[in-house]
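S.K.: Numbering (the numbering used here), first residue to last: -17 to 253. Yeah, the Cβ is synthetic: ideal placement off N, Cα and C, and Gly gets one too. Pasting a structure here, questions to come.
Here it is as structure tokens:
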């Protein structure tokens, strides 16, 4: 089942990512593996979209298709009106991986500087961008530290700063807080919402956590087990200001219940 939000003409016009009948099949020695099947989705400018579903449902694969890290088998996908390959070459997105992936021999500022160096930015401009992104993730004062001197949460914030450094409008986040303990994760969720409000980025966020998806998102995309399909798109009715205590409200719990029911409907269990 593919679900497209209402008023499509308005939303397609403002789409940062648009997918139509997107399919991706891997060829393996055991036969074809259908990772994505007929995915239809528009990501609107300024959206915070969370993708949730069981392991292997294609959440990360969809992000990797946007980023041109995976090639579609059929269907259409564009990023700001470009093919994924064109968007990659234009640096139209930042990508935050599950692990921070920081170089241990480089300081935090040097890790953030690396993509800017590759892109040919002058040192003065690099320094300005590093200072700005460190401020955005509350790491000012830690620029001379090495990754091994920081906590896991701080390392992931440094990874986010690196993704923000070249100021792309689109931020792709592949379960960046999944390995962190719950208290640190809650704190980073709060910080991420503040960052999103300050920067007006469009964010696509992969998670396995229902509370995290509901807390962060303007829309939640529920996906089925392989072959990955979009089974529900839930528009959040929560206010923009979201203290952590909002998770105890009836409105929050109602959205979480709908997400949970969507996930259950897609699961099959063996006794």
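1) Assign residue 251 to buried or exposed, taking buried as 16 or more other Cβ atoms, counted over all protein chains shown, within 10 Å of its Cβ.
2) Look at residue 28 and residue 184 and say whether their C-beta atoms are less than 7 Å apart.
3) Put residue 128 into one of helix, strand or coil per three-state DSSP.
4) Quick test of your reading: residue 186 and residue 162, contact by CB under 8 Å. State the CB separation rounded to the nearest angstrom.
5) Using three-state DSSP, classify residue 103 as helix, strand or coil.
6) Note down, in chain order, each residue of its chain lying with its Cβ closer than 7 Å to the Cβ of residue 174, except the 5 sequence neighbours on either side.
7) Report the rounded CA-to-CA distance for residue 243 versus residue 206, giving the unit in angstroms.
8) Taking 7 Å as the cut-off, decide whether the C-beta atoms of residue 30 and residue 178 are in contact.
9) Alpha carbon to alpha carbon, what distance is there between residue 158 and residue -12?
10) Among 220, 150, 15, 92, which one has its Cα closest to the Cα of residue 196?
11) Could you name the residues of the same chain whose beta carbon sits closer than 7 Å to that of residue 144, not counting the 5 residues immediately before and after it, in chain order?
12) Go to residue 171, then tell me how far its alpha helix (DSSP H) extends in each direction, as first and last residue.
13) Compute the Euclidean distance between the alpha carbons of residue 74 and residue 17, then round it to the nearest angstrom.
14) Does the separation of the CB atoms of residue 77 and residue 49 fall below 7 Å?
15) Considering only residues of the same chain and omitting the five flanking positions on each side of residue 208, which have a CB-CB separation below 8 Å?
16) Looking only at its own chain, which residues have a Cβ that is under 7 Å from the Cβ of residue 116, when we skip the five neighbours before and after it?
M.R.: Let me lay it out:
1) Confidence in residue 251 is poor, its pLDDT being 48 and thus under 50, which makes the residue's placement unreliable; the coordinate value appears in the next sentence. Per the 10 Å Cβ criterion, exposed.
2) Less than 7 Å divides the Cβ of residue 28 from the Cβ of residue 184.
3) In the structure shown, residue 128 sits in coil (DSSP, three-state: anything other than H, G, I, E or B).
4) Rounded to whole angstroms, the Cβ separation of residue 186 and residue 162 is 20 Å, and the two are not in contact under 8 Å.
5) Per DSSP, reduced to three states, the secondary structure at residue 103 is coil, with no helix or strand assignment.
6) Within the same chain, residue 174 has close Cβ partners 198.
7) For residue 243 and residue 206, the distance between alpha carbons rounds to 12 Å.
8) Going by C-beta atoms, residue 30 is nearer than 7 Å to residue 178.
9) Note on residue -12: pLDDT 36, under 50, position unreliable in the model; the coordinate value appears next. Computed Cα separation, rounded: 30 Å.
10) Out of 220, 150, 15, 92, 220 has the C-alpha closest to the C-alpha of residue 196.
11) The answer, listed in chain order, is 93, 94, 97.
12) Where residue 171 is concerned, the enclosing alpha helix (DSSP H) stretches over 164 to 181.
13) Approximately 25 Å between the Cα atoms of the pair.
14) In this structure, residue 77 places its C-beta atom within 7 Å of the C-beta atom of residue 49.
15) Apart from sequence neighbours up to five positions away, the residues of its chain that approach residue 208 with a beta-carbon distance below 8 Å are 15, 16, 17, 38, 39, 40, ordered along the chain.
16) Taken in chain order, the residues that qualify are 122, 125, 143.
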